[in-house]
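Report on the structure given below.
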Amino acid sequence: MGKNIHEIKEIKGFAPRSVVYAEKINEDFGEGLAGFYKVIWAEREDGLSIKQKHLTVFAIACSNNNTDSAVKILQKLHQFGATRAEITDAMMMAAWTGGIQNFTDISSVILKEMEKHGY
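In numbering that gives the first Met the number 0, the protein residues as written are 0 to 118.
Right, dumping it as structure tokens:
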């Protein structure tokens, strides 16, 4: 396992499947893809925090009706101290951008998951 792959596991808490698959194809390809992840998720001065980045991808997952990703990201949001208001704001933005049907489809699962985390 290369340096970038190790570092992205530290940042994300796991190796993304795309990185795992890329590394199986070619070690340099895996390292390159992990480097891409590392750049995106790095905290930069005056940039978005890790929590804000997770809120953004949570809203995108919700707007795309991607329940599995939204649930995984919600767990990360809990780890990074996201508030109920931040999460529900992201869900409302998802309803705005993805449509009410996607919001309706994903909400029951997300609300149950929020209850598990004490929101």
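From the three backbone atoms N, C-alpha and C, an ideal C-beta is built for every residue, glycine too.
Q: State the start and end residues of the unbroken alpha helix (DSSP H) segment that holds Gly80.
A: Per DSSP, Gly80 lies in no alpha helix (DSSP H) and is assigned neither H nor E.
Q: For Val18, count neighbouring C-beta atoms within 10 Å of its own C-beta (all shown protein chains included) and say buried if the count is 16 or more, exposed if not.
A: By the Cβ neighbour-count rule, Val18 is buried, with 16 or more other Cβ atoms within 10 Å of its own.
(Q) If contact is defined by three or more beta carbon pairs under 8 angstroms, each pair taking one atom from either stretch, is the region 35-53 in contact with the region 5-19? (A) Contact between the region 5-19 and the region 35-53 is present, because at least three Cβ pairs lie under 8 angstroms.
Q) Taking contact to mean at least 3 C-beta pairs separated by less than 8 angstroms, is the region 24-35 in contact with the region 54-63? A) As far as the Cβ criterion goes, the region 24-35 does not touch the region 54-63, which means the pair count is below three.
Q. How far does the alpha helix (DSSP H) with Asn64 in it reach, from first residue to last?
A. DSSP places Asn64 in no alpha helix (DSSP H); its state is neither H nor E.
Q) Since Glu114 contacts Leu73 with CB under 8 angstroms, what's their CB separation in whole angstroms? A) Contact doesn't hold; Cβ gap of about 11 angstroms is too wide.
**Q.** His5 (DSSP reduced to helix, strand or coil)
**A.** Helix, per DSSP.
**Q.** Cα-Cα separation between Gly97 and His77, rounded to whole angstroms
**A.** Using only the alpha carbons, I get a separation of about 23 angstroms.
Q: State buried or exposed for Met90, treating a residue as buried only when at least 16 other CB atoms are found within 10 Å of its CB.
A: Its Cβ being crowded by 16 or more others within 10 Å, Met90 is buried.
**Q.** Sequence-distant residues of its chain with Cβ nearer than 8 angstroms to Arg83 (five each side left out)
**A.** Cβ within range, chain order: Met113 and Tyr118.
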